[in-house]
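Working notes for the structure below.
Residue numbers (our numbering), protein chains in the order written: chain A, 118 to 592; chain B, 176 to 429.
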């Protein structure tokens with residue numbers, strides 16, 4: 118996505134000032150929360166399913182190296198060619214080479230957040246390959262030259278009027294309309310042409326089953342099936358953490374993901390791809406490739422506490438329920454993944470020195486962890502990464518320690534000294550009660566506080582004094 | 176339902192008023208003590224305590240938080256329940272102390288301490304089985320549930336049940352009642368604009384209920400919410416639940 122500034126706060130403040138954007142997000146997120154809640158009327162069933170989802174992912178992660186080997190063997194046996202990429206650069210190069218070998222000049226893309234990690238469209242464009250997004254939301258933001266603001270609904274920051282104007286401007290012969298059906302029809306006309314003509318199809322992967330060598334893809338618009346089915350070449354891309362042990366493990370994960378994400382019982386389409394077109398078959402691609410990307414995932418994997426972040430099935434429930442995300446939208450997060458999961462992944466993938474700002478974009482309210490379908494303790498991981506950002510434990514996280522500030526260290530040293538000693542605490546708070554209320558609202562911290570709040574007033578008496586007077590025992 | 180194993184009716188409990196209550200709202204803290212006494216237990220408040228350590232822990236300063244936690248661990252030596260008029264500070268002690276002392280020899284001792292920590296309203300309901308007789312005028316109030324009270328202590332309905340048990344109190348639910356008020360400790364000053372947007376929405380939703388008072392079990396949230404209401408001249412008064420309940424049943428009445 119377009120990255121001008123890496124200053125999270127600056128971008129967040131700008132987003133807060135955009136009333137239209139805030140209204141769009143608030144409305145949609147409120148709807149999504151209600152839809153999710155309606156899908157889980159039975160709390161016991163929800164908690165049982167969450168535990169099951171978490172344990173399926175944990176079981177797969179526990180054997181990740183072995184499962185990846187098994188996956189490769191079974192995919193290869195099914196005729197799917199497997200490629201490994203450690204970095205974004207390697208991933209892009211591998212795909213470009215596949216395209217070159219097939220003399221492909223154009224690709225039609227299904228939705229893939231991993232391709233966003235790789236700035237894949239931009240890379241292809243630079244190398245003379247036209248990539249067209251076929252997911253409606255992705256198509257909209259591609260026309261607008263923007264990145265996704267949500268991992269499931271990438272164009273959710275735009276309302277129908279804005280999309281109408283965009284289509285009028287960018288699609289030949291398209292007049293203005295804000296009718297959603299007409300807008301969808303306009304996009305469909307462009308995309309259908311491309312489905313028929315593109316040299317290659319491209320997709321992400323939701324789950325890869327090691328036991329059968331199958332790729333499972335969820336999609337609502339049918340574009341996923343068209344992108345992987347019509348062109349003679351299909352390239353799929355996934356992060357290494359998407360492997361599951363057995364195909365049957367996909368079922369509960371699909372149920373959890375759909376219900377948590379959009380409040381659907383299941384997506385309109387669930388595709389299971391287990392190889393290219395076989396002899397005698399009438400359709401399907403002649404060649405299927407899978408590219409597995411690491412991009413920092415092994416490093417996350419190596420830390421047992423941070424590893425649970427790799428359970429993520431990209432449902433977006435954490436951002437839908439996040440009071441911060443709801444107000445600033447996804448672009449403010451600067452890097453690929455917005456919301457709480459982005460606060461975990463971006464600093465680890467990009468390095469804390471680069472993407473650590475976002476670690477403070479949480480009041481630690483814990484709602485993300487509460488709704489996560491695979492029980493990732495997101496807000497606890499945020500605190501763990503805050504810790505890494507100031508005092509790294511070994512070499513767990515890229516850029517660990519890079520946010521250590523001597524000013525903050527002094528503040529917390531002073532705080533600790535006062536609060537660890539009951540005597541100093543009494544003495545310090547005695548002074549605060551005497552002179553604290555004289556502190557001007559313009560001083561640092563109070564200035565920020567009083568922007569929308571009155572100054573809190575220190576009480577004249579300590580509760581310990583009041584209690585003594587009223588005969589409460591101190592022992 | 177509280178996550179704690181519940182003790183029998185105690186003869187004596189410890190009280191941890193929290194540093195925020197000590198500094199800004201001592202009367203709310205005293206109200207909690209009186210409620211406990213009126214429900215039938217003796218209350219001891221050790222003077223050797225200070226703060227749960229949450230601010231440092233949340234910022235990633237674990238060593239500092241641990242040093243402060245040690246002071247609290249030493250301040251409550253007897254095997255009595257420790258009652259806290261804040262779900263957030265209780266949540267810090269109960270759920271995060273074991274993590275602060277992970278892999279350390281004192282962990283079993285710390286765990287035993289954590290098992291004794293209770294949030295005030297949940298303790299009043301489940302352990303003291305308090306019965307309230309409302310002596311106040313009819314009033315309409317709304318509730319703000321603190322995030323940590325709900326999600327760390329598992330205390331969601333207890334305080335609202337107490338409010339509902341009062342015959343002259345009408346409890347109305349605000350939109351987005353379970354959404355964070357934007358306080359988050361240092362969050363409120365580290366990302367002040369986002370916090371401001373959150374609390375502004377919160378007070379607008381509170382005002383829209385038509386309630387004249389908003390009640391909460393956490394003075395951290397309440398400092399944020401009532402500070403914003405005062406600044407915006409919203410005609411709603413913020414109250415700690417202990418103070419509100421005590422006023423309803425009559426201060427000092429038997």
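Think of the CB as a built atom: it goes at the ideal place given N, C-alpha and C, for glycine as much as any other residue.
Alpha-carbon spacing of residue i relative to residue j, whole angstroms
i, j, result
"residue 258 of chain A", "residue 568 of chain A", "35 Å"
"residue 203 of chain B", "residue 202 of chain A", "59 Å"
"residue 269 of chain B", "residue 141 of chain A", "39 Å"
"residue 348 of chain B", "residue 297 of chain A", "35 Å"
"residue 125 of chain A", "residue 372 of chain B", "16 Å"
"residue 179 of chain A", "residue 494 of chain A", "18 Å"
"residue 394 of chain B", "residue 191 of chain B", "13 Å"
"residue 119 of chain A", "residue 361 of chain A", "Low confidence applies to residue 119 of chain A: its pLDDT is 40, below 50, so where it sits in the model is not reliable, and the reading given next is rough at best. Near 33 Å, if we compare the C-alpha coordinates of residue 361 of chain A and residue 119 of chain A."
"residue 226 of chain B", "residue 169 of chain A", "38 Å"
"residue 379 of chain A", "residue 351 of chain B", "19 Å"
"residue 282 of chain A", "residue 290 of chain A", "13 Å"
"residue 274 of chain A", "residue 261 of chain A", "12 Å"
"residue 496 of chain A", "residue 489 of chain A", "11 Å"
"residue 369 of chain B", "residue 566 of chain A", "12 Å"
"residue 308 of chain A", "residue 382 of chain A", "27 Å"
"residue 404 of chain A", "residue 352 of chain A", "8 Å"
"residue 323 of chain A", "residue 293 of chain A", "36 Å"
"residue 388 of chain A", "residue 407 of chain A", "15 Å"
"residue 591 of chain A", "residue 406 of chain B", "38 Å"
Where residue i falls: helix, strand or coil (DSSP)
i, result
"residue 388 of chain B", "strand"
"residue 244 of chain A", "coil"
"residue 583 of chain A", "helix"
"residue 331 of chain B", "coil"
"residue 388 of chain A", "strand"
"residue 193 of chain B", "coil"
"residue 325 of chain A", "strand"
"residue 270 of chain B", "helix"
"residue 200 of chain A", "strand"
"residue 560 of chain A", "coil"
"residue 171 of chain A", "helix"
"residue 239 of chain A", "helix"
"residue 317 of chain B", "strand"
"residue 355 of chain A", "strand"
"residue 237 of chain B", "helix"
is_contact[residue i, chain B] using C-beta, thresh 8 Å
i, result
"residue 122 of chain A", "Low confidence applies here, because residue 122 of chain A scores a pLDDT of 44, under 50, leaving its location unreliable; read the following figure in that light. No, because no Cβ of chain B sits closer than 8 Å to the Cβ of residue 122 of chain A."
"residue 477 of chain A", "yes"
"residue 532 of chain A", "yes"
"residue 489 of chain A", "no"
"residue 574 of chain A", "yes"
"residue 536 of chain A", "yes"
"residue 153 of chain A", "no"
"residue 482 of chain A", "yes"
"residue 145 of chain A", "no"
CB contact check: residue i to chain E, cutoff 8 Å
i, result
"residue 591 of chain A", "Absent from the structure is chain E; the protein chains it does hold are A and B."
8 Å Cβ cutoff, residue i in contact with chain A
i, result
"residue 257 of chain B", "no"
"residue 261 of chain B", "no"
"residue 344 of chain B", "no"
"residue 355 of chain B", "yes"
"residue 176 of chain B", "Here the model assigns residue 176 of chain B a pLDDT of 42, short of 50, so the residue's position is not dependable and the matter cannot be decided."
"residue 328 of chain B", "no"
"residue 392 of chain B", "no"
"residue 427 of chain B", "no"
Residue i: first and last residue of the uninterrupted beta strand (DSSP E) it sits in
i, result
"residue 404 of chain A", "404–410"
"residue 190 of chain B", "187–190"
"residue 315 of chain A", "Unbroken run through residue 315 of chain A: none, as it is neither H nor E."
"residue 413 of chain B", "412–415"
"residue 293 of chain B", "292–294"
"residue 425 of chain A", "Neither: residue 425 of chain A is in no beta strand (DSSP E) and is coded neither H nor E."
Host alpha helix (DSSP H) of residue i (start-end)
i, result
"residue 133 of chain A", "125–133"
"residue 308 of chain B", "Note, residue 308 of chain B: premise wrong, no alpha helix (DSSP H); not H, not E."
"residue 496 of chain A", "495–507"
"residue 524 of chain A", "523–537"
Near-chain A residues of the stretch 218–233 of chain B (beta-carbon distance less than 8 Å), N- to C-terminal order: 218, 219, 220, 221, 222, 223, 224, 225, 226, 228, 230, 231, 232 and 233
Give, in chain order, every residue of the stretch 281–297 of chain B whose Cβ lies closer than 7 Å to some Cβ of chain A. none
Just by C-beta distance, which residues in the stretch 421–453 of chain A are closer than 8 Å to chain B? Of all residues in the stretch 421–453 of chain A, 440, 441, 444 and 445 have a Cβ within less than 8 Å of some Cβ in chain B.
Short of 8 Å Cβ to Cβ, which residues in the stretch 394–413 of chain B face chain A? 398, 399, 402, 403, 405, 406 and 407
Please name the residues in the stretch 495–507 of chain A whose beta-carbon is closer than 7 Å to at least one beta-carbon of chain B, in chain order. 500, 503, 504, 506 and 507
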